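Residue numbers (my numbering), protein chains in the order written: chain A, 1 to 46; chain B, 1 to 291; chain C, 1 to 471.
Where is the CB? At the ideal position from N, CA and C, for every residue including glycine.
Just so you know, these numbers come straight off a predicted model, no measurement behind them.
Down below is the structure, laid out as structure tokens.
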Amino acid sequence: MDLASIVYLGMTFGLLVIFVMIVVRTYSKKRKDEGEIAKYRMLDDD
Amino acid sequence: MWEKKPILLLVLATCAIMVGTIVTMILPFAWVNTEADRIEGVTPYTALQQEGRDIYIRDGCNNCHTQTVRPLVPEVLRYGDYSKSGEFVYDRPFLWGSKRTGPDLARLGGKYPDAWHYKHMESPRSMVPKTNMPDYGWYSNNLLDPQMIQRKMETLGFPYTAEEIKDLEGKNDMDAMVAYLQKLGSDIPWRDAAETTIVGDLVNPYADANQETISGWAPIYADNCAACHGPNMEGEIGPELIGEDYDDEILFTIIYTGITDGGMPSFSNLGTDKVWKLTNYIRTYQAEGSQ
Amino acid sequence: MENQTYNYAIVRSFVTWSMIWGLVAVLVGVIVSLQMVNPDLNFPPYLTFGRLRPVHTNAGIYGWGIGVIFAAFYYIVQRLCKVPIWSDKLAKFQLWLFNATITASAVTLLLGYTTSKEYHEMEWPIDVMVVILWVAFSINIIMTILKRKEEQMYISLWYMMAAIVGVAILYLVNSAAVPVSFFKSYSAYAGTNDANVQWWFGHNAVAMVLTAPFLGMFYYFLPKTTGVPIFSHRLSITAFWSLIFMYLWTGAHHLLWTPVPDWIQTLAMGFSIMLIAPSWGSVFNGYLSMNGQWHQMRENYLVKFLILGITFYGLQTLQGPMQAIRTFSAFIHYTDWVPAHIHMGTMGWVSMICFASIYYLIPRIYGRELYSIPLADLHFWLTLVGQLIWSISLWIAGVLQAGMWNAMNSDGSLTYTFMETMVEMYPYWWARVLGGVIYMAGLVIFIYNIYMSVKKGEPTAVPTITTEGRA
Ligand code: HEM
Ligand code: HEM
Chain A
1 MDLASIVYLG
11 MTFGLLVIFV
21 MIVVRTYSKK
31 RKDEGEIAKY
41 RMLDDD
Chain B
1 MWEKKPILLL
11 VLATCAIMVG
21 TIVTMILPFA
31 WVNTEADRIE
41 GVTPYTALQQ
51 EGRDIYIRDG
61 CNNCHTQTVR
71 PLVPEVLRYG
81 DYSKSGEFVY
91 DRPFLWGSKR
101 TGPDLARLGG
111 KYPDAWHYKH
121 MESPRSMVPK
131 TNMPDYGWYS
141 NNLLDPQMIQ
151 RKMETLGFPY
161 TAEEIKDLEG
171 KNDMDAMVAY
181 LQKLGSDIPW
191 RDAAETTIVG
201 DLVNPYADAN
211 QETISGWAPI
221 YADNCAACHG
231 PNMEGEIGPE
241 LIGEDYDDEI
251 LFTIIYTGIT
261 DGGMPSFSNL
271 GTDKVWKLTN
281 YIRTYQAEGS
291 Q
Chain C
1 MENQTYNYAI
11 VRSFVTWSMI
21 WGLVAVLVGV
31 IVSLQMVNPD
41 LNFPPYLTFG
51 RLRPVHTNAG
61 IYGWGIGVIF
71 AAFYYIVQRL
81 CKVPIWSDKL
91 AKFQLWLFNA
101 TITASAVTLL
111 LGYTTSKEYH
121 EMEWPIDVMV
131 VILWVAFSIN
141 IIMTILKRKE
151 EQMYISLWYM
161 MAAIVGVAIL
171 YLVNSAAVPV
181 SFFKSYSAYA
191 GTNDANVQWW
201 FGHNAVAMVL
211 TAPFLGMFYY
221 FLPKTTGVPI
231 FSHRLSITAF
241 WSLIFMYLWT
251 GAHHLLWTPV
261 PDWIQTLAMG
271 FSIMLIAPSW
281 GSVFNGYLSM
291 NGQWHQMREN
301 YLVKFLILGI
311 TFYGLQTLQG
321 PMQAIRTFSA
331 FIHYTDWVPA
341 HIHMGTMGWV
351 SMICFASIYY
361 LIPRIYGREL
371 YSIPLADLHF
381 WLTLVGQLIW
391 SISLWIAGVL
401 QAGMWNAMNS
411 DGSLTYTFME
421 TMVEMYPYWW
431 ARVLGGVIYM
441 AGLVIFIYNI
451 YMSVKKGEPT
461 AVPTITTEGR
471 A
């Protein structure tokens, strides 16, 4: 494997980790209500 | 967290945007247009050429024409040697374009004689009847503004002489455009390198073709040669072809490899078959004289 | 009940002006499509193809696209934040600066003052106007969000905020130039660098103008129209971050096989393919929001526009990544295939959402019902048919053209001369004229319908605009 492939692979892996972290955070049980409330609130009228 | 904090959201969004920006847009400045890209022989535009380039931009020729040849076989065959980064270091802005309604112009310089361009720009359809390129005959009435051009050369930091600027007096948009078109892609000596050589023996495959078959090849002449040699070979930009009496091999060679210094383009991209047909067509026509 | 304090006047003005610029864009589109089949329609020096085409593209993207974005977001931001706009004066100023900028752009482009950089053709004085315009809009939107009464920030606001910073960065960097005079400047970057900066800008103009704000609008108008919330707010958030992160890497897919360094091209290719995920995240979110509501496709003309719009977006974001693959690009780049891609995006996705937004807004900002729903249906079909004729004929044309450009004889020579390939395009270009005229007919009907609604429409049942749900 040449340097370029290692860099590409490393980058891909790094991005994957960040992505998984975001998904885990967004979809954690704790945040379910918090994350979804906005979609109901926008339908309420003032 | 950021779900309810607009400023934080803006900051984070900016960060997200900046990562790709830094890697693919800012970092490349370290590699592009550096010493490693430099190509011997690539020179800045002269005052006249630069003005031609600005006219090209003004009239949006880049909306129909590209200026970059990709390293792909059919493309190199059609247009010439593929483009290299170092050839564009004086291009502000770049003019690679994104749509080929007309052909690529990156390797245009030296392809045709000046007279061809004057006639073509004046009225493309007089030479290529089915083209949709607009007429630019009005260029001949627009005189250049030497002071302005001098200022442009100053801004760009390109070398120029007082004489050069003085010579612009009385020249028009058309002269500038043709000067620019002739410079395109000719800084590197690719034409010499690409000099077509014919391999193998030259044997005329159509030596026995009859008159009728040969007349059927007239459209190949009309499409490729008539613009310069006239519809009846009477000559115009190129010389009259009637009255010459070359033998098959010589005629084939002239058409196939061209006489590039003299303004006769190479037609190797038509393929040997079509070039042989032309050879026979011209020979027959020559023998008969114009009808 | 604070409705009365909302500033709908500014929304009304932007709706009107965006429709005017939309009509200009499409009219000029039809004109340039005619010039491509008949060069006698070029009237030098001002009205030649090379000068009119940028008028078409800029009027389309900036006059029509951004005009509707301004209209829609001045409405959306007030409703989602439950406060009136931060500054009415600034908004008014911005409206007139917007019109002045678009007018000045059209005039200077016709006069030949251009930088030639696609979607950034306007010379530097207009760049200055654009910057002021965008700053004015940004301040107004951000300040409104900051003093909002509704704590939650719905996804539409996220997309708009990302677009605000995105456009600012892109536009500023790409406009760097050294002026020679008031009407002429030279790019601060040269050759390959200039190309790379330009297409970093170019592709992200697609992201930050033709994608992000329109997704925001889609996410707002769809649930408001159907009356049911979107499928998942968290999915929209995940897609949001992925989208704005990944788009910026992909500019060089416009420069495959050019002298731009290979690794930039490879990154662009990789990220373009990954972009399918967040793009389709939004598409699925839209479709799943329709669960149990599909009957509304028949009953509610607004839903038709929105769902067709997101469908075109879905197709666009599958086709785009395909075009970003080196081998495929080698084939279709520079051909008529690409305009077909573009117009599925602009006439399908972007314009469908624009139409839906305006139809939605009219009763709410004028207090009058739509004049005629059958006309709106007719408009829908004309738009769809016109668009399909446009794109399908040009896809065929592009493949044909690419095939001919690449065809080689057994002796290694090319089969066709350039002109032999070009004359084959004429029938397809004529078909495009037909598609364009049909589309324009739809647009004229649309404008007529809106005009009549404002003049003669029935007053809305509940006078203040609080009726949500069915349009
Ligand atoms: C995942 C999403 C997308 C990807 C990866 C993508 C990819 C591409 C590629 C590779 C090209 C260059 C084609 C060529 O010249 O060979 C292109 C052109 C273009 N695309 Fe897309 N596309 C996407 C979505 C969109 C959307 C949603 C629009 C909205 C209208 C759009 C509008 C355009 C425009 C205007 C151009 C023309 C640029 C030019 O002037 O050459 N694209 N796209
Ligand atoms: C009736 C509708 C329309 C017609 C007939 C039309 C026609 C055209 C034509 C003939 C071209 C030049 C293509 C070429 O050079 O090969 C073009 C380019 C373009 N049009 Fe349209 N157009 C229409 C609607 C729109 C709309 C509504 C938008 C934007 C919102 C738009 C955006 C563009 C863009 C961005 C390009 C540049 C393409 C490129 O860079 O390759 N068009 N259009």
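Report the rounded CA-to-CA distance for Ala212 (chain C) versus Ala163 (chain C), giving the unit in angstroms.
-> 6 Å
Determine the direct distance from the alpha carbon of Ala100 (chain C) to that of Gln293 (chain C), and round the result to whole angstroms.
-> 43 Å
Euclidean distance between Cα positions of Val260 (chain C) and Leu267 (chain C) = 12 Å
Which whole runs of the alpha helix (DSSP H) in the segment 199-239 of chain C are 4 residues long or more, in chain order?
-> Complete alpha helix (DSSP H) runs here, min 4: 212-226.
Would you report the Cα separation of Pro125 (chain C) and Tyr62 (chain C), rounded to the nearest angstrom?
-> 17 Å
Comparing the C-beta of Leu43 (chain A) with each C-beta of chain C, is any distance below 8 Å?
-> Cβ-Cβ to chain C under 8 Å: yes for Leu43 (chain A).
Whole-angstrom distance between Leu95 (chain B) and Arg53 (chain B), CA atom to CA atom | 9 Å
Bridge partners - Ala177 (chain C), DSSP secondary structure assignment | C:Ser187
Relative to the C-alpha of Ser175 (chain C), which residue among C:Tyr119, C:Met452, C:Thr108, C:Lys82 is closest?
-> C:Tyr119
DSSP-derived helix/strand/coil call for Ile438 (chain C) | Of the three classes helix, strand and coil, the one that applies to Ile438 (chain C) here is helix, per DSSP.
For Ser33 (chain C), verify whether its CB is less than 7 Å away from any heavy atom of ligand 2.
-> yes
8 Å Cβ cutoff, Lys39 (chain A) in contact with chain C | yes
Of all the beta strand (DSSP E) runs that stay within the bounds of the segment 316-342 of chain C, which reach a length of 3 or more residues?
-> Look at the segment 316-342 of chain C and you find no whole run of beta strand (DSSP E) that is 3 residues long or longer.
Show which residues of chain C have a CB atom less than 7 Å away from the CB atom of Ile47 (chain A).
-> Any property of residue 47 (chain A) remains undetermined from this structure, which presents chain A solely from 1 to 46.
What residue ranges within the segment 63-104 of chain C form continuous alpha helix (DSSP H) runs of no fewer than 4 residues, ordered along the chain?
-> Those alpha helix (DSSP H) runs which fall completely within the segment 63-104 of chain C and span 4+ residues are 67-81.
Helix, strand or coil for Met290 (chain C) per DSSP?
-> coil
Ordered along the chain, which non-local residues of its own chain (more than five positions away) have a Cβ less than 8 Å from that of Leu414 (chain C)?
-> Ala407, Met408
How about Phe49 (chain C) and Asn42 (chain C): do their beta carbons lie closer than 8 Å?
-> yes
Would the beta-carbon of Ile61 (chain C) be found less than 7 Å away from any heavy atom of ligand 2?
-> Flag set: Cβ of Ile61 (chain C) near ligand 2.
Below 8 Å on the Cβ atoms is my guess for Met129 (chain C) versus Ala168 (chain C); work out the distance and round it to an integer in Å.
-> Incorrect: roughly 14 Å between the Cβ atoms, too far for contact.
Who are the neighbours of Phe158 (chain B) on chain C, taking C-beta pairs under 8 Å?
-> Within chain C, no residue comes near Phe158 (chain B); the closest Cβ sits about 11 Å away, beyond 8 Å.
For ligand 1, is there a heavy atom less than 7 Å away from the beta-carbon of Ser276 (chain C)?
-> It should be pointed out that residue 276 (chain C) corresponds to Ile in this sequence rather than to Ser. Yes, the beta carbon of Ile276 (chain C) sits closer than 7 Å to at least one heavy atom of ligand 1.
When the cut-off is 8 Å and only beta carbons count, does Ile39 (chain B) lie next to chain C?
-> no
Which stretch, first to last residue, makes up the alpha helix (DSSP H) that contains Gln182 (chain B)?
-> 173-183
Does the separation of the CB atoms of Leu222 (chain C) and Ser282 (chain C) fall below 8 Å?
-> no
Note down the Cα distance separating Trp64 (chain C) from Trp349 (chain C), rounded to an integer number of angstroms.
-> 13 Å
Answer yes or no: the CB of Gln316 (chain C) versus the heavy atoms of ligand 1, is any distance below 7 Å?
-> yes
Return yes when the C-beta of Asp336 (chain C) is under 7 Å from any heavy atom of ligand 2, and no when it is not.
-> yes
Beta-carbon contacts of Met19 (chain C) that lie in its chain and below 6 Å, excluding the five residues immediately before and after = Ile447
Let me know if Ala324 (chain C) comes out buried or exposed under the rule of 16 or more other beta-carbons within 10 Å of its beta-carbon.
-> buried
So which residues of chain C does Tyr90 (chain B) contact, with C-beta pairs closer than 9 Å?
-> Ala190, Gly191
Which residues, taken in chain order from the segment 62-74 of chain B, show a beta carbon closer than 8 Å to some beta carbon of chain C?
-> Asn62, Asn63, Cys64, Thr66, Thr68, Arg70, Pro71, Leu72, Val73, Pro74
Using the C-alpha atoms, what's the distance from Asn204 (chain B) back to Asn269 (chain B)?
-> 18 Å
Just to confirm, are Asp223 (chain B) and Thr417 (chain C) a CB contact at a threshold of 8 Å?
-> yes
Does DSSP classify Gln4 (chain C) as helix, strand or coil?
-> Interpretation of Gln4 (chain C) is limited by its pLDDT of 49, a score under 50 that renders its predicted location unreliable; no figure is taken from the coordinates.
Sorry if obvious, but does the Cβ on Trp349 (chain C) come closer than 7 Å to a heavy atom of ligand 1?
-> Trp349 (chain C) Cβ: within cutoff of ligand 1.
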